[in-house]
Amino acid sequence: MPGLDYFRTEPVVEPAAEPATPTEPELASPITPDSVDSPLKPDVYYNPRLDPKNYLEGPLSHNPATRLRQMLARPGIVVAPGICDGISARCALEAGFDCLYQSGAATTASRLGMPDLAIATMNDFVQSAQMVCSLDPTTPVIADADTGQVYFLLNSACFTA
């Protein structure tokens, strides 16, 4: 069942789907462990925020994270052009794209003029992503923080311990 955030230990039989009326699409009510015909067990975690049925209709949110979930839940594909800096982000926004992808390799090349060899630091990626997100705060930006950032996290954990 899409949108359910849990691991099942036993298989659950799915209820038979009822045919939807083509003139009036109807969203199913969210399944909770308390529902009468619920296939979920009481010990199963259900997160309605991750259920794609909650994002199929209505206007898109102003929150970029919710907006991206809505776009991914709706039929079709989400086109997110690759950007590397403010000018490429501005061009993509002016072209009418609803979502952006900030490439780690392109960001490294744009900011440092170097190849993608894990040279850029986490600060480089964060500053670039903050600048891109400030152009339009409602547009979702999928930002690639490049390789090697695990070592940054491990080193910071060592210093704080």
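In full-length UniProt numbering, the protein residues as written are 1 to 161. All residues carry an ideal CB built from backbone N, CA and C; glycine is no exception.
Smallest Cα separation from residue i: which of the options?
i	options	result
Glu-94	Gln-102, Pro-81, Gln-130	Pro-81
Asn-63	Ala-73, Asp-136, Arg-90, Asp-144	Asp-136
Met-122	Ala-143, Thr-138, Pro-115, Thr-139	Ala-143
Asp-85	Val-141, Thr-139, Ser-134, Ser-128	Ser-128
Cys-133	Ala-73, Asp-98, Val-78	Asp-98
My understanding is that residue i touches residue j, with C-beta atoms under 8 Å, so please give their C-beta distance in whole angstroms.
i	j	result
Arg-69	Leu-60	Contact flag wrong, Cβ pair sits at about 10 Å.
What do you get for residue i, buried or exposed, if any count of 16 or more other CB atoms within 10 angstroms of its CB means buried?
i	result
Gln-102	buried
Gly-113	exposed
Gly-96	exposed
Ala-92	buried
Leu-117	exposed
Leu-154	Low local confidence applies: a pLDDT of 48 at Leu-154 is under 50, so the model's placement there is unreliable, and no value is given.
Leu-100	buried
Residue i to residue j, Cα distance in whole Å?
i	j	result
Met-71	Val-141	13 Å
Ile-83	Pro-75	24 Å
Asp-124	Thr-138	22 Å
Ser-88	Gln-130	14 Å
Val-79	Ser-110	22 Å
Ala-120	Ala-65	25 Å
Ala-145	Gly-104	6 Å
Val-126	Ala-73	27 Å
Ile-77	Arg-90	22 Å
Thr-107	Pro-115	10 Å
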